[in-house]
Amino acid sequence: NLTVQETAKALTVNSNYLSTRFHQEMGITFINFLNRERAQQAASLLSQTNLQIQQISQLVGYNHTSYFAKQFARFMGCSPRQYRIEHRVSKATPNG
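Count along the sequence shown from 1, then add 69; that gives the number in my numbering.
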């Protein structure tokens, strides 16, 4: 579970400084950036694996599946389940 505090500590800077600079440079807050990246990773897992949504939620760093689903929908425009239905990569081979 990556946090601003842990990242700031690893970079040996103040967490408030990191948050401010990150927002200035990236145009997005650290937590929104992190949640967007997690949603993108989850989208890949949803479309390419048969892992349960709860497992994917945990793999991308969420402790609560309901919060994951809310953040996923915020960034991807639909629920994780709906995303999987619409973006599932077929495991079948062509012509077979």
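Note that beta-carbon positions come from the ideal geometry of N, C-alpha and C, so glycine has one too.
Taking residue 121 as reference, the option from 149, 74 and 143 with the minimal CA-CA separation is 149. Within the same chain, Cβ atoms closer than 6 Å to the Cβ of residue 105 are found at 144, the five residues on either side in sequence being excluded. Between residue 140 and residue 110, the alpha-carbon positions lie close to 13 Å from each other.
With respect to residue 129, residue 107 sits close: the two C-beta atoms are nearer than 8 Å.
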